[in-house]
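If you number the sequence shown the way our numbering does, the last residue is 587 and the count never jumps. Think of the CB as a built atom: it goes at the ideal place given N, C-alpha and C, for glycine as much as any other residue. In this text, all values refer to a predicted model and were calculated from it rather than measured experimentally. Remarks on the structure that follows.
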Amino acid sequence: MVKVIGLTGGIGSGKSTIAKYLVSLGYPVYVADDAGRKVMRFPEVIQAIKEKFGTAIFDNQQLNRAALAKIVFEHPEKLQELNAIVHPAVRNDFKKWLEENQDSPYVFYESAILFESGSYTNFDKIITVTAPLETRIDRVLKRDSTDREQLLKRIKAQWTDEERVAKSDFVIENLDIDLAKLKMDEFLKILTIN
Ligand code: ATP
């Protein structure tokens, strides 16, 4: 049975960068964020969103993702309702993906909210990518069109590095990317032995 390794980290820690490195080595990586966006185009998911949130967040049958994001950001209970629609659809999609990737000894599941979503109990091992808070802030401000205040709100809504690290099997501190990749190589060796 293929082993599933969870890969997580706070905003700007560099988990996607590490995930891309794993892909370059030939490992299958399921990106939960991308899957979330994908399932929101499934007709049954669109229908469920319409029923729960009404048609005001649709422009000509097209889901206005920004309008939906604003609602769930301002109302945490609405976020739970949206998650109750999207998370089962992602779980289903992942199950199918896993069946297609049974030939690999390991697959990786990258998610920013591995712990926050409660899904962390489903993995054989968990890797957390960390970086100092100010480094993460600098990276994201360079990458995204957001401001420090918005970003800090998003960071506050996530677990802290300390909380994530306490529940992880491996930790990669990502400051120098070459060193972080070497650390990943080390973990791949440990995984192969165990
Ligand atoms: P998010 O949760 O916001 O998607 P993430 O944890 O997936 O973030 P990445 O997108 O991999 O983080 O990295 C954030 C930014 O920092 C990117 O622009 C990436 O190129 C850059 N970055 C990643 N690792 C390093 C590093 N070691 N040194 C410098 N820049 C880095």
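Going by the CB atoms, is the gap between VAL395 and ASN457 shorter than 8 Å?
no
Taking the alpha helix (DSSP H) that VAL479 falls in, what are its first and last residues?
469 to 493
For a quick check, are the C-beta atoms of GLU509 and TRP552 less than 8 Å apart?
Yes. Within cutoff.
Pair within 8 Å by beta-carbon distance, VAL483 and LEU472
Cβ atoms of VAL483 and LEU472: not closer than 8 Å.
Residue closest to GLU579, alpha-carbon to alpha-carbon, out of PHE487, ASP531, ILE520
ILE520
Please state whether DSSP places TYR513 in a helix, a strand or coil.
helix
Less than 7 Å between the CB of THR514 and some heavy atom of the ligand ATP, yes or no?
no
Closest residue to GLY405 among LEU544, THR585, MET577 (Cα-Cα distance):
LEU544
I need the DSSP call for PHE466, collapsed to helix, strand or coil.
helix
Check whether the Cβ of LYS489 lies closer than 7 Å to any heavy atom of the ligand ATP, and answer yes or no.
No, Cβ of LYS489 sits at least 7 Å from all heavy atoms of the ligand ATP.
Start-to-end residues for the alpha helix (DSSP H) that takes in LYS560
Element bounds for LYS560: n/a, residue is neither H nor E.
Please check the pair LEU461 and ILE478, which I expect to be a contact at CB under 8 Å, by giving their CB distance rounded to whole angstroms.
11 Å between Cβ atoms; not a contact.
Do three or more CB pairs link the stretch 529 to 541 to the stretch 420 to 427 at distances below 8 Å?
They do not touch, by the three-pair rule.
Since GLU566 and THR523 are thought to touch, with beta carbons under 8 Å apart, how far apart are those beta carbons, to the nearest angstrom?
5 Å
Quick one: complete alpha helix (DSSP H) runs, 4+ long, within the stretch 416 to 447?
425 to 432, 436 to 446
Considering only their Cβ atoms, is the gap separating GLY403 from ILE548 smaller than 8 Å?
yes
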